[in-house]
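Residue numbers (UniProt numbering): 1 to 334. Positions of the beta carbon are idealized from the N, C-alpha and C atoms, including for glycine.
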């Protein structure tokens, strides 16, 4: 077993600490929020706990569908720069984005924890605000994530909103523009294919984000994150295997994928729940111009979907030689 050296630079320790915080948010943030609320409720702090719950239920329950409550100070904490330096994460701009337009970013692939989506768009650690001035990114996730006390507030402070029709219409319907919703298109299903060397994205039957782009008139932007699938190793679960069938059944019931994976530990490199230090390079492609349609036809949706798939493949092929650990790989659409 390979242990981390005792004497390493302070910056390296801060990078690991930042990733521990990020992984905690992804796996235990919601549970921690519930425990904190319960602790307050059963102590002399119970009036604060009751007041918080009342305010959320009465006045704030739909906030995640109405643009959230982002706090730029939280997004720009030094902690997130350390998070990006751990891998490291690099955001690559390939085209100009007009701040007067709204955008729907299709992020691929999901990976195990969506580290690239979080680092580049859920924080400002990789310098999104400098590369795309005037554009506010909002990562969209399941609405249930905003039901957990305190955790919901942290998520919204980072710019997260729920991935509902109402939420997308609210953000992409703003006439002044300047909003970019980030949708991890493959979702939980795609994480079951996340393993080193995999270039598989779940996209063939994903048309909801295409339809919303047409209904709101938001331009589509394909985004591919090289290195996302290199962060963890996953149990062998080929399509059709007993394990995969079991995981698929659980996913439909739980709404998230029960992935069996491992990475490295805090003090050793062989096993744990922290991602391996693998470079992540997230490429933001050129926008696909979209004209608004109040009721887009199936043909219009399919035509735009086909164009989006083509642009994503072109983006992958253009940059895989420079940024992928597997430059001879082909992008598989399923």
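query: Between which two residues does the beta strand (DSSP E) harbouring residue 141 extend?
result: Translated into the one-based positions of the chain shown, residue 141 becomes position 141. Run containing residue 141: 136 to 141, per the beta strand (DSSP E) assignment.
query: Quick one: complete alpha helix (DSSP H) runs, 4+ long, within the stretch 154 to 216?
result: For the alpha helix (DSSP H) assignment, the uninterrupted runs of no fewer than 4 residues enclosed by the stretch 154 to 216 are, from N- to C-terminal side, 165 to 172, 187 to 191 and 208 to 216.
Given residue 217 as reference, the closest of 258, 289 and 252 once Cα atoms are compared: What you label residue 217 is simply residue 217 of the chain shown in a count that begins at 1. Closest option to residue 217, Cα to Cα, is 289.
message: Taking the straight line between their C-alpha atoms, what separation do you get for residue 80 and residue 297?
response: Translated into positions along the chain shown, residue 80 becomes position 80. Translated into positions along the chain shown, residue 297 becomes position 297. Computed Cα separation, rounded: 42 Å.
- prompt: Of the residues 92, 140 and 11, which one's Cα is nearest the Cα of residue 282?
  reply: Residue mapping note: residue 282 aligns to position 282 of the chain shown, counting from 1. The shortest C-alpha separation from residue 282 is found at 92.
- request: Return the Cβ separation of residue 135 and residue 221 in integer angstroms, given the expectation that the two are a contact with Cβ distance under 8 Å.
  value: Counting from 1 along the chain shown, the entry for residue 135 is found at position 135. Counting from 1 along the chain shown, the entry for residue 221 is found at position 221. In fact, because the Cβ distance is near 10 Å, the residues do not count as touching under 8 Å.
task: Between the Cα of residue 258 and those of 249, 264 and 17, spot the shortest distance and give me the residue it belongs to.
output: Sequence index remark: in the chain shown, residue 258 carries index 258 (1-based). Looking at the Cα atoms, 249 is the closest of the given residues.
query: Does the distance from the C-beta atom of residue 122 to that of residue 184 stay below 8 Å?
result: As a working mapping, residue 122 is identified with position 122 in the chain shown. As a working mapping, residue 184 is identified with position 184 in the chain shown. Their beta carbons are not under 8 Å apart, which means residue 122 does not touch residue 184 by this criterion.
field: Coarse secondary structure for residue 243, derived from DSSP in three states
entry: The residue labelled residue 243 in the question sits at position 243 within the chain shown. Residue state for residue 243 is assigned as helix, using DSSP reduced to three classes.
- prompt: Taking contact to mean at least 3 C-beta pairs separated by less than 8 Å, is the stretch 28 to 46 in contact with the stretch 140 to 150?
  reply: Yes, the stretch 28 to 46 touches the stretch 140 to 150.
- request: Using 10 angstroms around the beta-carbon of residue 242, count the other beta-carbons present and answer buried if the total reaches 16, otherwise exposed.
  value: Against the chain shown, residue 242 aligns to sequence position 242. Residue 242 comes out exposed.
- prompt: Considering only C-alpha positions, which residue in the set 181, 275, 329 and 286 is nearest to residue 197?
  reply: Here residue 197 refers to the residue found at position 197 when the chain shown is read from its first residue. Ranking the options by Cα distance to residue 197, first place goes to 329.
message: Across the stretch 148 to 168 and the stretch 307 to 320, are there enough close Cβ pairs to call them in contact, namely three or more that are closer than 8 Å?
response: Flag = no, the stretch 148 to 168 and the stretch 307 to 320 do not touch.
query: Going by Cα to Cα distance, which pick from 108, 306, 125 and 52 is closest to residue 224?
result: Residue 224 sits at position 224 when you count from the first residue of the chain shown. It is 108.
query: Which residues in the same chain have their Cβ closer than 8 Å to the Cβ of residue 116, if we skip the five residues on either side of it in sequence?
result: Position 116 of the chain shown, counting from 1, holds the residue named residue 116. If we look at residue 116 and ignore the five residues flanking it on each side, its Cβ neighbours are 89, 107, 225, 227, 228, 280 and 282.
field: At least three beta-carbon pairs within less than 8 Å, the stretch 204 to 215 to the stretch 263 to 273
entry: Using a Cβ-Cβ distance cut-off of 8 Å, the stretch 204 to 215 and the stretch 263 to 273 are not in contact, since fewer than three pairs of beta carbons, one from each stretch, lie closer than that value.
- prompt: Do residue 87 and residue 277 have their C-beta atoms closer together than 8 Å?
  reply: The residue labelled residue 87 in the question sits at position 87 within the chain shown. The residue labelled residue 277 in the question sits at position 277 within the chain shown. Contact check for residue 87 against residue 277 passes: the beta carbons are separated by less than 8 Å.
- request: Compute the Euclidean distance between the alpha carbons of residue 269 and residue 100, then round it to the nearest angstrom.
  value: One-based indexing of the chain shown puts residue 269 at position 269. One-based indexing of the chain shown puts residue 100 at position 100. Residue 269 and residue 100 have their C-alpha atoms some 46 Å from each other.
Three-state secondary structure assigned by DSSP to residue 126: For the purposes of this step, residue 126 is taken as residue 126 along the chain shown, with counting starting at 1. Reduced to three states, the DSSP call for residue 126 is coil.
task: Counting only the same chain and skipping the five closest in sequence on each side, list residues whose C-beta sits under 7 Å from that of residue 155.
output: The sequence position of residue 155 within the chain shown is 155, counting from 1. By the criterion of a C-beta distance shorter than 7 Å, residue 155 is surrounded in its chain by 145 and 146, once the five residues flanking it on both sides are discounted.
task: May I have the straight-line CA-CA distance separating residue 284 from residue 78, to the nearest angstrom?
output: What you label residue 284 is simply residue 284 of the chain shown in a count that begins at 1. What you label residue 78 is simply residue 78 of the chain shown in a count that begins at 1. For residue 284 and residue 78, the gap between their C-alpha atoms comes out near 23 Å.
- request: Kindly indicate which three-state DSSP category residue 269 falls into: helix, strand or coil?
  value: Here residue 269 is taken as the residue at index 269 of the chain shown, counted from 1. DSSP places residue 269 in coil when its eight states are reduced to three.
message: Quick check on residue 215: buried or exposed, where buried means 16 or more other Cβ atoms within 10 Å of its Cβ?
response: In the chain shown, residue 215 corresponds to position 215, counting from 1. Label assigned to residue 215: buried.
- prompt: With C-beta atoms as the reference, is residue 14 less than 8 Å away from residue 82?
  reply: By one-based count along the chain shown, residue 14 stands at place 14. By one-based count along the chain shown, residue 82 stands at place 82. With contacts defined by Cβ atoms closer than 8 Å, residue 14 and residue 82 form a contacting pair.
message: For residue 275, count the other beta carbons within 10 Å of its own beta carbon; 16 or more makes it buried, fewer makes it exposed. Which is it?
response: Reading the chain shown from its first residue, position 275 is the one you call residue 275. With 16 or more other Cβ atoms inside 10 Å of its own Cβ, residue 275 counts as buried.
- request: Compute the Euclidean distance between the alpha carbons of residue 40 and residue 7, then round it to the nearest angstrom.
  value: As a working note, residue 40 is residue 40 in the chain shown. As a working note, residue 7 is residue 7 in the chain shown. Rounded to the nearest angstrom, the two C-alpha atoms are 40 Å apart.
field: residue 143 beta carbon less than 8 Å from that of residue 64
entry: For this step, residue 64 is matched to residue 64 along the chain shown. For this step, residue 143 is matched to residue 143 along the chain shown. Here residue 64 is near residue 143, since their CB atoms are less than 8 Å apart.
task: List the whole-angstrom C-beta distance separating residue 139 from residue 201, where the pair is believed to meet the contact cut-off of C-beta under 8 Å.
output: Counting from 1 along the chain shown, the entry for residue 139 is found at position 139. Counting from 1 along the chain shown, the entry for residue 201 is found at position 201. The Cβ separation is near 18 Å, so there is no contact.
- request: Give me the Cα-Cα distance between residue 5 and residue 12, rounded to the nearest whole angstrom.
  value: Taking the chain shown and counting its residues from 1, one reaches residue 5 at position 5. Taking the chain shown and counting its residues from 1, one reaches residue 12 at position 12. Taking the straight line from one Cα to the other gives about 11 Å.
- prompt: Can you list, in chain order, the stretches of the alpha helix (DSSP H) that have 4 or more residues and sit fully within the stretch 80 to 133?
  reply: List check, alpha helix (DSSP H) in window: 128 to 131.
task: Would you kindly work out how many angstroms separate the C-alpha atoms of residue 238 and residue 51, rounded to a whole number?
output: Locating residue 238 in the chain shown gives position 238, counting from the first residue. Locating residue 51 in the chain shown gives position 51, counting from the first residue. Each residue's alpha carbon lies about 49 Å from the other.
- prompt: What residue does the alpha helix (DSSP H) around residue 35 start on, and which one ends it?
  reply: The residue labelled residue 35 in the question sits at position 35 within the chain shown. Per DSSP, residue 35 belongs to the alpha helix (DSSP H) from 10 to 41.
- prompt: Rounded to a whole number of angstroms, what is the C-alpha to C-alpha distance between residue 232 and residue 324?
  reply: By 1-based counting over the chain shown, the position of residue 232 is 232. By 1-based counting over the chain shown, the position of residue 324 is 324. Going from the Cα of residue 232 to the Cα of residue 324 covers about 16 Å.
task: Quick one: give me the first and last residue of the beta strand (DSSP E) that residue 220 is part of.
output: Counted from its first residue, the chain shown places residue 220 at position 220. Counting along the chain, the unbroken beta strand (DSSP E) around residue 220 starts and ends at 219 to 226.
- prompt: How should residue 191 be labelled, buried or exposed, when 16 other C-beta atoms within 10 angstroms of its C-beta is the threshold for buried?
  reply: Here residue 191 refers to the residue found at position 191 when the chain shown is read from its first residue. Result: buried.
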